[in-house]
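Student:
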Amino acid sequence: MALEHAILVSLQERSGSGYELARRFDKSFAYFWAASHQQIYRTLKRMVDLGWVGCESVPQEDRPDKKVYRATGEGRAELARWIAEPAEPSAQRNDLAVKIRGASYGDPGEVVAEVARHRAHHAERLAVYREIERRDFPRADGLTGQRLHQYLVLRGGILMQQGLVGWCDELLESLRREHPRGADESGRP
Numbered sequence: 002m003a004l005e006h007a008i009l010v011s012l013q014e015r016s017g018s019g020y021e022l023a024r025r026f027d028k029s030f031a032y033f034w035a036a037s038h039q040q041i042y043r044t045l046k047r048m049v050d051l052g053w054v055g056c057e058s059v060p061q062e063d064r065p066d067k068k069v070y071r072a073t074g075e076g077r078a079e080l081a082r083w084i085a086e087p088a089e090p091s092a093q094r095n096d097l098a099v100k101i102r103g104a105s106y107g108d109p110g111e112v113v114a115e116v117a118r119h120r121a122h123h124a125e126r127l128a129v130y131r132e133i134e135r136r137d138f139p140r141a142d143g144l145t146g147q148r149l150h151q152y153l154v155l156r157g158g159i160l161m162q163q164g165l166v167g168w169c170d171e172l173l174e175s176l177r178r179e180h181p182r183g184a185d186e187s188g189r190p
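This is the structure:
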């Protein structure tokens, strides 16, 4: 996915300044599509040049004018074209899987600690997703349109994190059984 398409989706949901857009990315899109603020600003400029995004200057007191971006007709057409295009499953690159595969060639205790660190990360992310679900989607049964689509992405994140926590639990159980002196409950050797 190109960053341009993620920006178009965000601008379709709500127009805003580059700063506002970057903050929205930090709070929602960043869970599944990471972009630095610099990348967002550079991409916005390119999208204006392509005609996909329009920019309006809004005067502010005691500050420079604020640039507010919105998707244009051309941008909406590009987004619709991209949405209709078949998406290839993303190639999986997983450093942790390679470390586990190579655990016999290093210190298994270090691998146990690394798996425990990953488990903690995924459990934390899962807790965040569940809190967002509780706060923003208390009654998901009747959702439609944009709210349903946002919820479905969140549910995908929840299910992925549940699977990753479960995988890490299985790894820890197996690795600790094979190397009982490898780590204590905290994952530290």
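Plus 1 on top of the position in the sequence shown (first one is 1) and you've got my numbering. We put the CB at the ideal spot given by N, CA and C, even for glycine.
#1: Please return the same chain residues whose Cβ sits closer than 8 Å to the Cβ of Y130, not counting the five positions on each side in sequence.
#2: Look at H123 and C169 and say whether their C-beta atoms are less than 8 Å apart.
#3: Quick check on DSSP: helix, strand or coil for A36?
#4: Among all the DSSP beta bridges, which residues are the ones paired with G74?
#5: Give a yes or no on whether the C-beta atoms belonging to V54 and G76 are separated by under 8 Å.
#6: Which one of L9, L165, Y42, P181 has the shortest CA to CA distance from R82?
#7: What are the boundary residues of the beta strand (DSSP E) that includes E89?
#8: Report the residue from E115, S37, E174 whose alpha carbon sits nearest the alpha carbon of D96.
#9: Quick check: the Cα distance between L4 and Q61, rounded to an integer number of angstroms?
#10: Have a look at L173 and E179 and give me their C-alpha separation to the nearest angstrom.
#11: Taking DSSP as the reference, what is the three-state secondary structure of S58?
#12: Can you tell me whether DSSP reads G143 as helix, strand or coil?
#13: Could you check the C-alpha separation between R64 and P87 for me, to the nearest Å?
#14: Here's the rule I'm using: 16 or more other beta-carbon atoms within 10 Å means buried, otherwise exposed. How should R177 be labelled?
#15: Based on the DSSP secondary-structure assignment, which residues constitute the bridge partners of S18?
#16: From D185 to A85, what distance separates their C-alpha atoms?
#17: If you draw a straight line from the alpha carbon of P34 to that of A7, how long is it in whole angstroms?
Tutor: Answer, in terms of the structure:
#1: Sequence index remark: in the sequence shown, residue 130 carries index 129 (1-based). Once the five neighbours on either side are set aside, the close Cβ partners of Y130 are Y32, L155, G158, I159, Q162.
#2: Counting from 1 along the sequence shown, the entry for residue 123 is found at position 122. Counting from 1 along the sequence shown, the entry for residue 169 is found at position 168. Between H123 and C169, the C-beta spacing is below 8 Å.
#3: In the sequence shown, residue 36 corresponds to position 35, counting from 1. Judged by DSSP in its simplified three-state form, A36 adopts coil rather than helix or strand.
#4: The count along the sequence shown starts at 1 and reaches residue 74 at position 73. None, per the DSSP bridge assignment.
#5: The count along the sequence shown starts at 1 and reaches residue 54 at position 53. The count along the sequence shown starts at 1 and reaches residue 76 at position 75. The Cβ atoms of V54 and G76 lie closer than 8 Å to each other.
#6: Within the sequence shown, the letter at position 81 stands for residue 82. The candidate whose alpha carbon is nearest that of R82 is L9.
#7: Stepping through the sequence shown from its first residue, residue 89 is reached at position 88. Where E89 is concerned, there is no enclosing beta strand (DSSP E), given that its DSSP letter is neither H nor E.
#8: Mapped onto the sequence shown, residue 96 falls at position 95. Checked all of E115, S37, E174; the closest Cα to D96 is E115.
#9: Taking the sequence shown and counting its residues from 1, the one referred to as residue 4 is at position 3. Taking the sequence shown and counting its residues from 1, the one referred to as residue 61 is at position 60. The alpha-carbon atoms of L4 and Q61 are separated by roughly 29 Å.
#10: Along the sequence shown, read from residue 1 onward, the residue named residue 173 stands at position 172. Along the sequence shown, read from residue 1 onward, the residue named residue 179 stands at position 178. Straight-line Cα distance between these residues: approximately 10 Å.
#11: Position 57 of the sequence shown holds residue 58. S58 falls in the strand class under three-state DSSP.
#12: Counting from one through the sequence shown, the residue named residue 143 turns up at place 142. Note: G143 maps to coil in three-state DSSP.
#13: As a position in the sequence shown, residue 64 is number 63, starting the count at 1. As a position in the sequence shown, residue 87 is number 86, starting the count at 1. Those two C-alpha atoms are separated by around 44 Å.
#14: Numbered from 1 along the sequence shown, position 176 holds the residue referred to as residue 177. It counts as buried.
#15: Taking the first residue of the sequence shown as 1, we reach residue 18 at position 17. In the DSSP assignment, S18 forms a beta bridge with V69.
#16: Counting from one through the sequence shown, the residue named residue 185 turns up at place 184. Counting from one through the sequence shown, the residue named residue 85 turns up at place 84. At D185, the pLDDT of 49 sits below 50, so the modelled position is not reliable and the matter cannot be decided from this model.
#17: For the purposes of this step, residue 34 is identified with residue 33 of the sequence shown, where counting begins at 1. For the purposes of this step, residue 7 is identified with residue 6 of the sequence shown, where counting begins at 1. Checking the displayed sequence, the identity of residue 34 turns out to be Trp instead of Pro. In this structure, the straight-line span from the alpha carbon of W34 to that of A7 is close to 8 Å.
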